[in-house]
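K.L.:
In this note's numbering, the protein residues as written are 6 to 373.
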Ligand code: ADP
């Protein structure tokens, strides 16, 4: 019996040892950084990636208190900061710029009813911080952005030459075209304009993503931006018999902005408002003084509005409200670029909308 028990215990111990070895091998070899703590905030373990990132000796780390290490190590201080907004961390690993996201996991064991419980009803026996290495995704994203920028740039030249040829075809000096041919030319013209618009939106997006967005800041009268944008869309508004109700009081403080990029955003709001507005309706374009010494520009339509659940996603790249993607053509990029343009200028962008009541898109810019 005693011999059997020993054999049994040994086999169990071997199993546990085997499991331990397996977990240790995984922890040691992953490209993520892992640091473990006990319930008294003492550091229990750190894998090789974590040690490299922190730039400390393993022997100085293990067994030390979090406070002690945090007082000497800036990165460690950020890692244990619970108020951190979990934004991606840019760190050097083996001399290469790498990207990480931080996650915290609690280690809990079944509670015997005495100790302090955590959210899951388990007794807290420590925790570990995981820095997930997301460099590969950043690189893929960068490659995608470069690819899009190259393609859109390459497409611009042939589309422009297509438009040039269309212009020549319409020129009576080179012969006349029939009514039917004229219609075809108009269709090709419309399509090449659409293609040009898409390619320049893609180029703009590439600029934003590679951080190469060039802004020409200056003190600008809000009225000039509004007038420019409203004039640019007059033609398409007239086609739908839409009236623009512009409210821009005189004497508004000048804004500190890039007038071209800001007008681009306003034109985007306006073309969307026209797209989603019923025939012969009114669109309100309002500029007013707002809180924190800022100026608010807004465009309000009386279209169908947007369902509340989609509002938080409306400024995401390629996002289109389900259902609208078939009825109204578009890339789903305009508002994402608009957000980048406004935020790059230190402004804020937003939307308010209710089904049946239309939508109000707005942005706020700092004054000069
Ligand atoms: P696009 O219009 O090119 O698809 P945007 O980024 O400008 O791209 O808009 C994203 C989506 O937001 C649109 O596809 C549409 O579903 C929705 N949207 C934008 N403006 C309005 C509006 N004024 N009314 C209703 N839906 C809108």
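Think of the CB as a built atom: it goes at the ideal place given N, C-alpha and C, for glycine as much as any other residue.
Note that the structure is a prediction, hence the values are computed from the model and not measured.
Can you tell me whether DSSP reads residue 78 as helix, strand or coil?
P.N.:
In this structure, residue 78 counts as coil in the three-state DSSP scheme.
K.L.:
Under 8 Å: does the beta carbon of residue 319 sit that close to some heavy atom of the ligand ADP?
P.N.:
Indeed, a heavy atom of the ligand ADP lies less than 8 Å from the Cβ.
K.L.:
Since residue 234 and residue 272 should fall inside the 8 Å C-beta cutoff, what is the C-beta to C-beta distance between them, to a whole number of angstroms?
P.N.:
Yes, they are in contact, since the Cβ atoms of residue 234 and residue 272 sit about 5 Å apart, within 8 Å.
K.L.:
Would you check if the distance between the CB atom of residue 59 and the CB atom of residue 34 is smaller than 9 Å?
P.N.:
Not closer than 9 Å, so no.
K.L.:
On the criterion of 16 or more Cβ atoms from any shown chain inside 10 Å, does residue 230 qualify as buried, or is it exposed?
P.N.:
The residue is buried, with at least 16 neighbouring Cβ atoms inside 10 Å.
K.L.:
Using DSSP with H/G/I as helix, E/B as strand and the rest coil, what is residue 335?
P.N.:
Residue state, collapsed to three classes: coil.
K.L.:
How would you label residue 6, buried or exposed, when you count the other beta carbons within 10 angstroms and need 16 or more for buried?
P.N.:
The residue is exposed, with fewer than 16 neighbouring Cβ atoms inside 10 Å.
K.L.:
Residues bridged to residue 365 by DSSP?
P.N.:
Answer is 305 and 357, bridged to residue 365.
K.L.:
Under 9 Å between the Cβ atoms of residue 363 and residue 308?
P.N.:
It is a contact, given that the beta carbons lie within the stated cut-off.
K.L.:
Would you kindly report the start and end of the unbroken beta strand (DSSP E) that includes residue 31?
P.N.:
Taken as a continuous stretch (DSSP letters only), residue 31 belongs to no beta strand (DSSP E), being part of the alpha helix (DSSP H) at 7–34.
K.L.:
Tell me residue 376's beta-bridge partners as DSSP assigns them.
P.N.:
Here the chain covers residues 6 to 373 and nothing more, so residue 376 does not appear.
K.L.:
Under the DSSP definition of a beta bridge, which residues are partnered with residue 41?
P.N.:
Answer is 50 and 133, bridged to residue 41.
K.L.:
Between residue 280 and the ligand ADP, is the CB less than 8 Å from at least one heavy atom?
P.N.:
Residue 280 Cβ: within cutoff of the ligand ADP.
K.L.:
In whole angstroms, what is the alpha-carbon distance linking residue 181 and residue 285?
P.N.:
Approximately 36 Å between the Cα atoms of the pair.
K.L.:
Helix, strand or coil for residue 281? Go by DSSP, reduced to three states.
P.N.:
Of the three classes helix, strand and coil, the one that applies to residue 281 here is coil, per DSSP.
K.L.:
If you follow the beta strand (DSSP E) that residue 97 is part of, which residue opens it and which one closes it?
P.N.:
Where residue 97 is concerned, the enclosing beta strand (DSSP E) stretches over 94–98.
K.L.:
Taking C-alpha atoms, which residue in 264, 200 and 157 lies nearest to residue 228?
P.N.:
Checking every option, the nearest Cα to that of residue 228 belongs to 264.
K.L.:
When burial is assigned at 16 or more other CB atoms within 10 Å of the CB, is residue 138 buried or exposed?
P.N.:
The residue in question, residue 138, is buried, as its Cβ has 16 or more Cβ neighbours within 10 Å.
K.L.:
Looking only at its own chain, which residues have a Cβ that is under 6 Å from the Cβ of residue 298, when we skip the five neighbours before and after it?
P.N.:
Within the same chain, residue 298 has close Cβ partners 372.
K.L.:
Let me check understanding here. Comparing Cα to Cα, which of 323, 222, 248 and 303 lies closest to residue 349?
P.N.:
The residue with the shortest Cα to Cα distance from residue 349 is 222.
K.L.:
CB-CB under 6 Å to residue 409, same chain, minus the five flanking residues each way: which ones, in chain order?
P.N.:
Lying outside 6 to 373, the shown extent of the chain, residue 409 is not represented and no answer is given.
K.L.:
CA-CA distance, residue 347 and residue 26?
P.N.:
Those two C-alpha atoms are separated by around 53 Å.
K.L.:
Please state whether the Cβ-Cβ distance between residue 81 and residue 67 is less than 9 Å.
P.N.:
The answer is no: Cβ separation not under 9 Å.
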